[in-house]
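Engineer: For the protein sequence lines, the chains are A and B, in the order given.
Take 379 as the starting number for the first sequence in this note's numbering and just add one per residue.
Take 978 as the starting number for the second sequence in this note's numbering and just add one per residue.
Positions of the beta carbon are idealized from the N, C-alpha and C atoms, including for glycine.
Every value quoted in this text rests on a predicted model; they were computed, and no experiment measured them.
Just passing along the structure, written as structure tokens.
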Amino acid sequence: MKWDEFFVTGDPFIYAADASIVFTSIGIVFVLTYYKKWKWLWSEWLTTVDHKKIGIMYIIAAVLMLFRGGVDALLMRAQITAPGSEILKSQHYNEIFTTHGTIMIIFMAMPFLIGLINFAVPLQIGARDVAYPYLNAVSFWTFFFGAMLFNISFVIGGSPSAGWTSYVPLAGEELSPGPGQNYYLLGLQIAGIGTLLTGINFLVTILKMRAPGMSIIRMPMFTWSTLITMILIIFAFPVLTVALALMTFDRLFGSHFLTLADGGLPMLWLNLFWIWGHPEVYIVILPAFGIFSEIISTFARKTLFGYKAMVWSMVSIAGLSFIVWVHHFFTMGANAVVNSFFSITTMAIAIPTGVKIFNWLFTLYKGRIKITSAMLWSLAFIPNFTIGGVTGVMLAMAAADYQYHNTYFLVSHFHYVLISGTVFACFAGLYFWYPKMFGHRLNERIGKWSFWLFMIGFNVCFFPMYFLGLDGMPRRIYTYEWADGWFDLNVVATIGAIGMAIGFVLLIYNIYWSFRYAERETTGDPWDGRTLEWSTHTPVPFYNFAIIPEVSGLDAYSRMKRDPAQEKKKEYKPIHMPNYSGKPIFMSVAFFISGFGLVFEWWWMAILGLIGVLAMLLLRSFDYDDGYYVPVDEVERIEKSYE
Amino acid sequence: MEYVHSDNGKHDAPDTPLEYQSETGRLNILGFWVFLGAEIALFATLFASYLVLVGRYADGPTPGELFEVKGVLIETFLLLTSSFTCGLAIHEMRRNSLKGLIVWLGITLLLGLGFLGFEIYEFVHYIHEGASLTTSAYWSGFFVLVGTHGAHVTMGIAWMILIIIQLVQRGLTKQTTRKVFVASLYWHFLDVVWIFIFTAVYLYGMVMHHG
């Protein structure tokens, strides 16, 4: 391979990206060196096993990915606004819609939610960390380096271009030769390891590490949604692992699972992909439901309406999510009975989801509603998500789906559920828990501007797409003709996209502004919170709780505030904490090296990386580091410093 | 996976087996059960993929032409026996006998190596007969399903060697017994998977598709 094949060349956008990567890297290195922050970075962040810091790192990475995916989206809008424009070539356009989809689902939505879960759930259940802090770091770093592997594809070797669903035979060796598709396979595989470990980690954490008195039906709703999501991860992600492995074997080692020749079965990919893929969309929506439940209940200043109905509806959504996957390919020629079955199961999901919508509305009913930025995102979620849900039921009708299939109607539908569901929840959760994370609130005024711009922009962008779809505009086309008549609505959509972009920029500006000027938070409970995370200090001490709280019912912290007599002064005890470790990041770097070798079929490098991974596992096996105890006087000293 | 730090007042449980006495031990064992749940999903997907590819032989040989009862039975007996000896190892561990534990673990390891040897021999034989990963969809499915199981056995053997070294270094502690117990769960799981492979791949391949 020559160097000009190794690096992507010939496109001014890519040269601009190259330059920005180089300058950003130099900038980061300079700042870290100038302020002598390398040691701090290494010993406080890169080696951390603290769930709060890992959560924050997840969120930072997710925001960066949101930026990257958002730039992809704007480039697509720029190209598609007017007929016959030549801003992007067709291959480049294909690459961009592929990376946009993959990054937004795998490297933005999931890590953003997992970041919020990491930060909030252990605090909500009154624990000092997760069940396996070391594995938690492994989860983060495998996600991070999987994401990096996927992202470098656009400057080194070329990006995948077969869509985020990567259907064969298009994604196969013959029609997509070269490293692009390999990046997709290896990047997702490495990040998938981390996701599975997160699933196991948080399932055990929630089952086994709740504070005394917090029975399973006294858990906050966000914790419940996390528990159910983790079960989905544990059973769905191995399917993706296998699907990716089969395609990797086909492409790298010449097997015939998905090929057209020698008995391969392309439909096997579609089935496996969506057996994972449909639970996956619930993996990114159930935690969102949990976040909205917490926020709506907090700012309506009422206990969540219909707690048990909320839980059971999530359980039934999770169960149904495994038996609806064929609705992603109704038009692929399954018979009427099969399509009818999956049509009915799909429509059935609207029932528990509807129950949840009404529960949120009834929580608001007669509440003393306080409008904050977090609450605005949550309130906007209800009608917008309902539009996405109703169009989902339209798509679920197999016969009608032949009309909508593969058009902008579908594009609009899933953006309505994923943006007003997941993205709104990420923003809402960020505003909500931000004071707990960083010790100050985000500015409400900027926050509200950002909200209105983004929310209106979102509707202006995606609502016209329903009509573009009904007018027959197919998804994933890089250009069209004047005679098609899609110009007007595409202009409207692009204007909306610009609104969303400004909303996002304002959010980032808000982070900067609030860091500089916002009033520092001292109470630890800025919103009159209802759950345990608000009962500890801000910023949260590394051990979370000096004394593990005792829970007497739902909305544990509200109860404590109503009845302060319960809060007896207890004796401090030594606190057992885990040590930080550099192994997770080293192991993930080894995974990255191995993955990079496989992408280019440089076997020596792949094997070298794999040896690195095994070496880290071996070192870990002989590592009997049992953590350490924080002595009582140290705890006393830290607790005093908050007074 | 060494840490405990919930202060839930359920720390030590002295009347339980050593590996369950610390909270870390209990958490790690439960976590491993959950991991085995994910492994079941993984193997179920591989089985499903294999089964839909049955009959897709392209120009390659059929399993009925290549499978031989003898080799498969030897593999089966070696692996099933190793599961039994692994159980004996845990029994010795519970009796607090370090020596008995190491001996039975060693035997388990040798049986596992024997299984692996026969499996590799079987694979090489098939490749000589013109059935490899690249021959047809069916053989891709065969090699990846059975090979994934074989790779798991290999990992299990390497893992057990590391644990035996740690047992020699440290004796029976809450941590080493936990490691042995978790590895034994893994080993039994591989045995269960093999029973399904024996049935769905070999018996089905020989009986249902003979000739």
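1) Going by DSSP in three states, Pro852(A) sits in which element: helix, strand or coil?
2) Within 8 Å, do at least three Cβ pairs link the stretch 823–841 of chain A to the stretch 867–874 of chain A?
3) Excluding sequence positions up to five away, which residues of its chain have a Cβ less than 6 Å from the Cβ of Glu551(A)?
4) Looking at Ser593(A) and the ligand ZN, is the gap between the Cβ and the nearest heavy atom below 6 Å?
5) For the candidate residues Val516(A), Thr619(A), Gly641(A), whose alpha-carbon lies nearest to that of Pro962(A)?
6) Check for me: the alpha helix (DSSP H) holding Tyr412(A) runs from which residue to which?
7) Consider the Cβ of Asp933(A): report whether some Cβ of chain B lies at a distance smaller than 7 Å.
8) Tell me whether Phe1175(B) sits in a helix, a strand or coil according to DSSP, three-state version.
9) Could you run through the stretch 1115–1130 of chain B and flag, in chain order, every residue whose CB is less than 9 Å away from some CB of chain A?
10) For Phe736(A), does the count of other Cβ atoms within 10 angstroms reach 16, so buried, or fall short, so exposed?
11) What in chain A is Cβ-close to Thr1111(B), meaning under 9 Å?
12) Can you name the residues of chain A whose CB is closer than 8 Å to the CB of Phe1012(B)?
13) Can you find a CB in chain B that lies within less than 7 Å of the CB of Pro616(A)?
14) Should Ala879(A) and Met833(A) be called a contact, given that it needs their Cβ atoms to be closer than 7 Å?
15) Quick check: the Cα distance between Gly1008(B) and Asp507(A), rounded to an integer number of angstroms?
16) Per DSSP, Met955(A) is paired with what?
17) Could you round the C-beta distance between Gly556(A) and Gly536(A) to whole angstroms and report it? I think they count as a contact, below 8 Å.
18) Using the beta-carbon of each residue, which ones in chain B are nearer than 7 Å to Lys586(A)?
19) Alpha helix (DSSP H) containing Lys970(B): first to last residue?
20) Would you verify that the beta carbon of Ala1015(B) is, or is not, closer than 7 Å to some beta carbon of chain A?
21) Pick out whichever of Ala726(A), Thr723(A), Pro511(A), Ile492(A) has its Cα sitting closest to the Cα of Ile346(A).
22) If contact means a Cβ-Cβ distance below 8 Å, which residues of the stretch 503–517 of chain A contact chain B?
23) May I ask you to report which of helix, strand or coil DSSP gives Arg898(A)?
24) Can you tell me the Cα-Cα spacing of Arg1071(B) and Lys1151(B), whole angstroms?
25) To which residues does DSSP link Phe385(A) through a beta bridge?
26) So with CB distances below 8 Å, who are the chain A contacts of Gln1143(B)?
27) Quick one, are the C-beta atoms of Ile1174(B) and His1126(B) less than 7 Å apart?
28) Do the CB positions of Glu996(B) and Thr1154(B) come within less than 7 Å of each other?
29) Counting only beta-carbon atoms, is Leu574(A) nearer than 7 Å to chain B?
30) Can you pull the chain A residues whose beta carbon is under 9 Å from the beta carbon of Arg1033(B), in chain order?
31) DSSP on Glu979(B), reduced to helix/strand/coil?
32) Taking 7 Å as the CB-CB limit, is Ile985(A) close to chain B?
33) Within 10 Å of its beta-carbon, does Phe969(A) have 16 or more other beta-carbons around it, so buried, or fewer, so exposed?
34) Mapping the DSSP letters down to three states, classify His818(A) as helix, strand or coil.
Structural biologist: The answer reads as follows:
1) Residue numbering aside, residue 852(A) sits at position 474 when the first sequence is read from its first letter. Pro852(A) falls in the strand class under three-state DSSP.
2) yes
3) Here residue 551(A) refers to the residue found at position 173 of the first sequence. Excluding residues within five positions, the ones whose Cβ falls inside 6 Å are Arg629.
4) The model on display carries no ligand, and the ligand ZN is accordingly not part of it.
5) One-based indexing of the first sequence puts residue 962(A) at position 584. The option with the nearest alpha carbon to Pro962(A) is Val516(A).
6) Position 34 of the first sequence, counted from the start, is the residue given in the question as residue 412(A). Looking at the DSSP string, the run of the alpha helix (DSSP H) that includes Tyr412(A) is 390–412.
7) For the purposes of this step, residue 933(A) is taken as residue 555 along the first sequence, with counting starting at 1. Not one chain B Cβ lies under 7 Å of Asp933(A).
8) Here residue 1175(B) corresponds to residue number 198 of the second sequence, with the count starting at 1. Note: Phe1175(B) maps to helix in three-state DSSP.
9) Tyr1115, Trp1116, Ser1117, Gly1118, Phe1120, Val1121, Thr1125
10) Locating residue 736(A) in the first sequence gives position 358, counting from the first residue. Its Cβ having fewer than 16 others within 10 Å, Phe736(A) is exposed.
11) Locating residue 1111(B) in the second sequence gives position 134, counting from the first residue. The contacting residues are Phe631, Gly632, Ser633, His634, Asp640.
12) Within the second sequence, the letter at position 35 stands for residue 1012(B). In chain order: Ile578.
13) For the purposes of this step, residue 616(A) is identified with residue 238 of the first sequence, where counting begins at 1. True, the Cβ-Cβ gap to chain B drops below 7 Å.
14) What you label residue 879(A) is simply residue 501 of the first sequence in a count that begins at 1. What you label residue 833(A) is simply residue 455 of the first sequence in a count that begins at 1. Against a cut-off of 7 Å, the Cβ pair of Met833(A) and Ala879(A) comes out as no contact.
15) Stepping through the second sequence from its first residue, residue 1008(B) is reached at position 31. Stepping through the first sequence from its first residue, residue 507(A) is reached at position 129. Looking at the two C-alpha atoms, the distance is approximately 15 Å.
16) Stepping through the first sequence from its first residue, residue 955(A) is reached at position 577. According to DSSP, Met955(A) bridges with Tyr1006(A).
17) The sequence position of residue 556(A) within the first sequence is 178, counting from 1. The sequence position of residue 536(A) within the first sequence is 158, counting from 1. Going by Cβ atoms, the distance from Gly556(A) to Gly536(A) rounds to 6 Å, so yes, they are a contact pair.
18) Here residue 586(A) refers to the residue found at position 208 when the first sequence is read from its first residue. Here the neighbours are Leu1004, Leu1007.
19) Any answer about residue 970(B) is impossible in this case: the structure gives chain B only from 978 up to 1188.
20) In the second sequence, counting from the first residue as 1, residue 1015(B) sits at position 38. It does: the Cβ of Ala1015(B) has a partner Cβ on chain A nearer than 7 Å.
21) A question about residue 346(A) goes unanswered here, because the residues of chain A that appear run from 379 up to 1021.
22) Ala505, Arg506, Asp507, Ala509, Tyr510, Pro511, Tyr512, Leu513
23) Working through the first sequence from its first residue, we reach residue 898(A) at position 520. It is a strand residue.
24) Numbered from its first residue, the second sequence carries residue 1071(B) at position 94. Numbered from its first residue, the second sequence carries residue 1151(B) at position 174. Each residue's Cα considered, the two are about 12 Å apart.
25) To locate residue 385(A), count along the first sequence from 1; it is residue 7. DSSP, once it has assigned bridges, lists Ile534(A) as partnering Phe385(A).
26) Walking along the second sequence from the start, residue 1143(B) turns up at place 166. Those are Ser999, Phe1000, listed as they occur along chain A.
27) As a first step, residue 1174(B) must be located in the second sequence, where it is residue number 197. As a first step, residue 1126(B) must be located in the second sequence, where it is residue number 149. The answer is yes: Cβ separation under 7 Å.
28) Against the second sequence, residue 996(B) aligns to sequence position 19. Against the second sequence, residue 1154(B) aligns to sequence position 177. Yes, the Cβ-Cβ distance between Glu996(B) and Thr1154(B) is below 7 Å.
29) Along the first sequence, one-based indexing puts residue 574(A) at 196. For Leu574(A), the answer is yes, since a Cβ of chain B falls inside 7 Å of its Cβ.
30) Counting from 1 along the second sequence, the entry for residue 1033(B) is found at position 56. Within 9 Å Cβ-Cβ: His634, Asp640, Gly641, Gly642, Leu643.
31) For the purposes of this step, residue 979(B) is taken as residue 2 along the second sequence, with counting starting at 1. Its pLDDT being 37, under 50, Glu979(B) is placed unreliably by the model, and the measurement read from it follows with that caveat. Of the three classes helix, strand and coil, the one that applies to Glu979(B) here is coil, per DSSP.
32) One-based indexing of the first sequence puts residue 985(A) at position 607. Not an interface residue.
33) Taking the first sequence and counting its residues from 1, one reaches residue 969(A) at position 591. By the 10 Å Cβ count, Phe969(A) comes out buried.
34) Position 440 of the first sequence, counted from the first residue, corresponds to residue 818(A). Three-state DSSP puts His818(A) in a strand.
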